[in-house]
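Colleague:
Number of protein chains: 2
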Amino acid sequence: MTNEYPRTPRNTVKRVPKRGHYDQETVYRILDDGFLAHVGFEVDGQPFVIPTAYGRQGDTIYLHGATTSRLIQQGQSGIRMCLTVTHLDGIVLARSAFHHSMNYRSAILFGTATLVPDDEKEQALLVISEQILKGRWAESRLPNDKELKATSVLAFRIEEASAKIRTGGPKDEPEDHVLPIWAGVLPLSPVYGAPVPDEELTEGIPLPPSVKRVKGEG
Amino acid sequence: MTNEYPRTPRNTVKRVPKRGHYDQETVYRILDDGFLAHVGFEVDGQPFVIPTAYGRQGDTIYLHGATTSRLIQQGQSGIRMCLTVTHLDGIVLARSAFHHSMNYRSAILFGTATLVPDDEKEQALLVISEQILKGRWAESRLPNDKELKATSVLAFRIEEASAKIRTGGPKDEPEDHVLPIWAGVLPLSPVYGAPVPDEELTEGIPLPPSVKRVKGEG
Chain A
1 MTNEYPRTPR
11 NTVKRVPKRG
21 HYDQETVYRI
31 LDDGFLAHVG
41 FEVDGQPFVI
51 PTAYGRQGDT
61 IYLHGATTSR
71 LIQQGQSGIR
81 MCLTVTHLDG
91 IVLARSAFHH
101 SMNYRSAILF
111 GTATLVPDDE
121 KEQALLVISE
131 QILKGRWAES
141 RLPNDKELKA
151 TSVLAFRIEE
161 ASAKIRTGGP
171 KDEPEDHVLP
181 IWAGVLPLSP
191 VYGAPVPDEE
201 LTEGIPLPPS
211 VKRVKGEG
Chain B
219 MTNEYPRTPR
229 NTVKRVPKRG
239 HYDQETVYRI
249 LDDGFLAHVG
259 FEVDGQPFVI
269 PTAYGRQGDT
279 IYLHGATTSR
289 LIQQGQSGIR
299 MCLTVTHLDG
309 IVLARSAFHH
319 SMNYRSAILF
329 GTATLVPDDE
339 KEQALLVISE
349 QILKGRWAES
359 RLPNDKELKA
369 TSVLAFRIEE
379 ASAKIRTGGP
389 KDEPEDHVLP
399 IWAGVLPLSP
409 VYGAPVPDEE
419 LTEGIPLPPS
429 VKRVKGEG
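Quick look at the structure:
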């Protein structure tokens with residue numbers, strides 16, 4: 001049995017309820033498949049939606065930024081936040097304009113954040129780094145005290161969560177099946193291109209294992 | 219001369235100001251390169267961030283949904299909204315963990331929405347459809363009255379906007395250049411896969427021009 005997040009009016013999927021999921025395993029899987037979140041919070045009556053990298057550890061989502069950034073400044077004040085991660089998997093082409101759709105997996109998290117204390121900051125940054133590119137942290141020159149001071153990390157705690165998933169082909173009206181219109185799915189996925197070495201890279205340094213792995217050469 | 223959006227404390231890029239852009243042309247280019255937005259709004263003190271498709275026409279962003287959806291219900295009430303579009307173009311690998319970064323283009327729009335009147339709804343849906351897949355609307359069976367009634371469209375008006383762009387390689391500290399660590403950019407882009415025909419597709423119907431075009435076969 002997997003844990004379930006509590007269902008409330010807030011996180012219950014209203015439209016197409018069968019696409020809604022509330023189990024931790026499904027939510028974690030969507031979070032672990034990405035590293036870019038859109039974080040929402042309100043300041044003086046205006047909502048902000050900020051794209052930012054993240055790393056997950058259990059029910060904690062780490063977000064980092066300059067100490068002076070709006071996300072860090074507002075987030076540490078304890079205001080309500082929403083963190084959304086979306087994977088767009090394809091465009092669903094139906095025979096009818098109305099039944100066009102998208103295949104996607106999204107997770108919407110509600111909660112609040114706290115500032116990660118100094119002595120836990122480096123570990124939290126490692127979690128974010130590993131989420132973006134596994135193995136890269138150990139390949140890098142690690143942060144010094146000055147760099148750690150310039151960076152702040154928020155620990156966002158998942159209080160409520162829901163996932164929404166659509167897969168499969170178009171759902172046309174039965175009477176539209178006879179129409180001479182192509183229908184199906186146009187899959188879409190993020191693909192890594194050929195690595196571009198830094199112009200000043202010392203000659204003879206090979207591609208690191210972290211990059212080889214995502215390029216399928218590891 | 220291109221038009222500039224007004225600069226306010228809200229939309230002024232605080233972190234790394236040289237990455238901030240306020241001209242309409244730059245904002246439009248980012249919007250026109252995508253069709254998925256993350257829309258933020260607050261309900262009863264809780265921010266929501268909802269992923270949704272969009273279409274741009276001038277300074278108007280059309281969003282559609284079921285009439286009963288939270289986005290449509292809240293959006294038409296005139297509450298403040300934020301609409302963010304992000305393109306992740308690559309992971310920037312520096313020699314130091316601290317200087318790791320992302321290449322990205324994002325546009326953050328502030329404004330409010332109104333409900334599109336019934337007699338303008340079909341035109342607004344066409345704008346969204348064209349943004350997702352150019353030419354598909356004309357290939358499809360167009361919406362009937364019942365379908366149009368089930369769909370609502372919001373017209374979000376851009377009041378303030380900013381774009382943030384990072385391109386190029388890592389910016390390591392000069393003293394780190396001697397380290398035997400690979401540095402560079404791992405490019406990332408969304409790629410369309412091979413179209414998957416609907417299981418019930420009538421035999422002999424060829425791929426439509428809209429799909430051929432994005433697959434580079436048009």
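Just so you know, the sequences run in chain order A and B. The working numbering numbers the first residue of the first sequence as 1 and each following residue consecutively. The working numbering numbers the first residue of the second sequence as 219 and each following residue consecutively. Heads up, the beta-carbon is just placed ideally off N, CA and C, and yes, glycines get one too.
(1) Give a yes or no on whether the C-beta atoms belonging to Phe98 of chain A and Glu365 of chain B are separated by under 9 Å.
(2) Using only the alpha-carbon positions, how far apart do Asn321 of chain B and Phe35 of chain A sit?
(3) So, using beta-carbon positions, are Val191 of chain A and Val403 of chain B closer together than 9 Å?
(4) Using a threshold of 8 Å, is the CB atom of Ile279 of chain B nearer than that to any non-hydrogen atom of the ligand GDP?
(5) Could you check the C-alpha separation between Leu126 of chain A and Arg313 of chain B for me, to the nearest Å?
(6) Identify which residue in A:Asp32, A:Asp23 and A:Phe156 has its Cα closest to the Cα of His64 of chain A.
(7) Closer than 8 Å, Cβ to any Cβ of chain B: which residues of the segment 12-34 of chain A, in chain order?
(8) Just list the residues that DSSP pairs Glu260 of chain B with in beta bridges.
(9) What does Ser347 of chain B touch in chain A if you count any residue whose Cβ is under 9 Å from its own?
(10) My understanding is that Ala255 of chain B touches Tyr272 of chain B, with C-beta atoms under 8 Å, so please give their C-beta distance in whole angstroms.
(11) Examine chain A for any beta-carbon lying closer than 9 Å to the beta-carbon of Glu417 of chain B, and answer yes or no.
(12) For Val185 of chain A, write down the residues that DSSP places opposite it in a beta bridge.
(13) When the Cβ atoms of the segment 370-389 of chain B are set against those of the segment 319-333 of chain B, are three or more pairs found closer than 8 Å?
(14) What residue ranges within the segment 229-256 of chain B form continuous alpha helix (DSSP H) runs of no fewer than 4 residues, ordered along the chain?
(15) The beta strand (DSSP E) with Val371 of chain B in it runs from where to where?
(16) For Leu254 of chain B, return the contacting residues in chain A, with the cut-off set at a CB-CB distance below 9 Å.
(17) List the endpoints of the continuous alpha helix (DSSP H) containing Arg70 of chain A.
(18) On the premise that Ile423 of chain B lies in contact with Trp182 of chain A, defined as a C-beta separation below 8 Å, what is that separation, rounded to the nearest angstrom?
(19) Keeping to the same chain, check which residues put their C-beta closer than 6 Å to that of Gln349 of chain B; ignore five residues upstream and five downstream.
(20) On a CA-only basis, which of B:Glu391, B:Gly353 and B:Pro388 is nearest Lys430 of chain B? Give me that one, please.
(21) Mind checking who Asn362 of chain B pairs with in its DSSP beta bridge?
(22) Using 9 Å as the threshold, is the C-beta distance between Pro47 of chain A and Gly258 of chain B below it?
(23) Step through the CB atoms of chain A and report whether any lies within less than 9 Å of the CB of Glu365 of chain B.
(24) For Thr385 of chain B, which residues in chain A fall below 8 Å Cβ to Cβ?
(25) Given that a residue counts as buried once 16 or more other Cβ atoms are within 10 Å of its Cβ, and exposed if not, what is Val16 of chain A?
(26) What separation, rounded to the nearest whole angstrom, lies between the Cα atoms of Thr52 of chain A and Lys339 of chain B?
(27) Does DSSP put Val178 of chain A in a helix, in a strand, or in coil?
(28) According to the neighbour-count rule (16 or more other Cβ atoms, all chains shown, within 10 Å of its Cβ), is Ala331 of chain B buried or exposed?
(29) Please classify Ala368 of chain B as buried or exposed, where buried requires at least 16 other C-beta atoms within 10 Å of its C-beta.
(30) Taking CB distances under 9 Å as the criterion, tell me whether Pro408 of chain B reaches chain A.
(31) For the putative contact between Ile30 of chain A and His87 of chain A, defined by C-beta atoms under 8 Å, what is the C-beta separation to the nearest angstrom?
(32) Going by the CB atoms, is the gap between Ala342 of chain B and Val371 of chain B shorter than 9 Å?
(33) Go ahead and pull the three-state DSSP assignment for Glu222 of chain B.
(34) Measure the alpha-carbon distance for Ala74 of chain A versus Val43 of chain A and round it to whole angstroms.
Modeller: So, from the listed chains and residues:
(1) yes
(2) 14 Å
(3) no
(4) You won't find the ligand GDP in this model; it holds no ligand whatsoever.
(5) 15 Å
(6) A:Phe156
(7) Lys14 and Arg15
(8) B:Pro265
(9) Ala97 and His100
(10) 5 Å
(11) yes
(12) A:Val92 and B:Val414
(13) yes
(14) 242-250
(15) Thr369 to Arg384
(16) Thr86, Leu88, Met102 and Tyr104
(17) Arg70 to Gly75
(18) 5 Å
(19) Phe253 and Gly273
(20) B:Gly353
(21) DSSP output for Asn362 of chain B lists no bridge partner at all.
(22) yes
(23) yes
(24) By Cβ distance, chain A contributes nothing, its closest Cβ being about 11 Å from Thr385 of chain B, past 8 Å.
(25) exposed
(26) 34 Å
(27) coil
(28) buried
(29) exposed
(30) yes
(31) 7 Å
(32) yes
(33) strand
(34) Looking at the sequence shown, residue 74 of chain A is not Ala but Gln. Answer to the nearest angstrom: the Cα atoms are 8 Å apart.
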